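Step one of this worksheet: look at the structure below.
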Amino acid sequence: MKLYYHPFSNFARKVRMVLIEKGITVEPVVVDLLKGAQKSPEYLAKNPLGKVPTLEVDGNYLCESTVINEYLEETHPEPRLLPKDPIARARARLIDEIHDAYLVPAMGPAFLEHFKPEDKRVVETIRKGRESGRKYLEILDGMLKGREYFCGEFSLADIAVAPTIQFVDMMFADELEPHANLRAWYARVSQRPSFQKTTPGTPM
Numbered sequence: 002m003k004l005y006y007h008p009f010s011n012f013a014r015k016v017r018m019v020l021i022e023k024g025i026t027v028e029p030v031v032v033d034l035l036k037g038a039q040k041s042p043e044y045l046a047k048n049p050l051g052k053v054p055t056l057e058v059d060g061n062y063l064c065e066s067t068v069i070n071e072y073l074e075e076t077h078p079e080p081r082l083l084p085k086d087p088i089a090r091a092r093a094r095l096i097d098e099i100h101d102a103y104l105v106p107a108m109g110p111a112f113l114e115h116f117k118p119e120d121k122r123v124v125e126t127i128r129k130g131r132e133s134g135r136k137y138l139e140i141l142d143g144m145l146k147g148r149e150y151f152c153g154e155f156s157l158a159d160i161a162v163a164p165t166i167q168f169v170d171m172m173f174a175d176e177l178e179p180h181a182n183l184r185a186w187y188a189r190v191s192q193r194p195s196f197q198k199t200t201p202g203t204p205m
């Protein structure tokens, strides 16, 4: 298997964390997003969406981090990263969806702006991103009430959210201050080798 990824992609990091948790070895291929390699005809033939990650399996190409992680869970079921209970499994998928469809679109523009040199940043974009993200941080904090992890045990739900919460912590740490459950959860997740070995910018 080959994984096409970029070291700063949180979506690629979701897959990288699963690979480490399950002890799966792949051949890593860096896609230079800054040079637009994801839009090249060669790459688009593998992933017509022009995004990372892409997992190559026996000449087949799987796109989208959630799809890839569910494939890895099905083909490498141990250690389990989705709960056995159907309700808990649905909860894990819901949290993944909250992350992918709501939190990242809300805060993503602020993250991208923050990566620019300080004198090039559009302050209003950062302000709007932070403001938009607060609702979803509050929701996630509430979903952790009385729980060490989102589904009781460490799962794909935690893997989905962890990379983005690290970006929040790195760039806008004060946004986490009101959320004691989320902060305690982040402290636990950040101790896992799969998290530490995939910190932003770390190659495979």
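For the sequence shown, the residue numbers in the working numbering are 2 to 205. Each residue gets a CB set at the ideal place from its N, CA and C atoms; glycine is no exception. Keep in mind that this is a model prediction, so the values were computed, not measured.
Practice item. Could you please give the first and the last residue of the uninterrupted beta strand (DSSP E) stretch that includes Tyr-137? Key: Careful: Tyr-137 lies outside any beta strand (DSSP E), inside the alpha helix (DSSP H) at 124-144.
ask   = Under 9 angstroms between the Cβ atoms of His-77 and Lys-3?
value = no
Per-residue DSSP class, three states only, for Leu-32: Here residue 32 is Val; the residue named in the question, Leu, does not match the sequence. Three-state result, Val-32: coil.
- Task: Output the distance between the C-alpha atoms of Leu-1 and Glu-74, rounded to the nearest integer angstrom.
- Result: Outside the shown range of the chain (2 to 205) lies residue 1, about which nothing can therefore be said.
- May I ask which residues mark the beginning and end of the alpha helix (DSSP H) holding Thr-76? 66-76
Q | Closest by C-alpha distance to Ala-89, when choosing among Leu-177, Asp-175 and Tyr-150 | A | Tyr-150
Tell me whether Leu-56 sits in a helix, a strand or coil according to DSSP, three-state version.
strand
Spatial neighbours of Pro-1 within its chain, please: C-beta separation below 7 angstroms, excluding the five flanking residues on both sides.
Absent from the structure is residue 1, since the part of the chain shown begins at 2 and ends at 205.
Does the distance from the C-beta atom of Ala-161 to that of His-100 stay below 9 angstroms?
-> yes
TODO: Could you pull out every residue in the same chain whose Cβ sits closer than 7 angstroms to the Cβ of Leu-145, ignoring the five residues on either side in sequence?
DONE: Phe-151, Asn-182, Leu-183 and Trp-186
Do the segment 54-62 and the segment 3-14 meet, that is, are 3 or more Cβ pairs less than 8 angstroms apart? yes
Item to complete: Please work out which residues of its chain come closer than 6 angstroms, Cβ to Cβ, to Arg-17, disregarding the five sequence neighbours upstream and downstream, and give them in chain order.
Response: Thr-199
Could you work out which residue in Arg-81, Lys-129 and Asn-61 is closest to Glu-154 when comparing CA atoms only? Arg-81
At the level of alpha carbons, what is the spacing between Gly-37 and Leu-50? 13 angstroms
For this session: Label Asp-1 either buried or exposed according to how many other C-beta atoms from any shown protein chain fall within 10 Å of its C-beta, with 16 as the threshold for buried.
Result: This structure gives no information on residue 1, because the portion of the chain shown stretches from 2 to 205.
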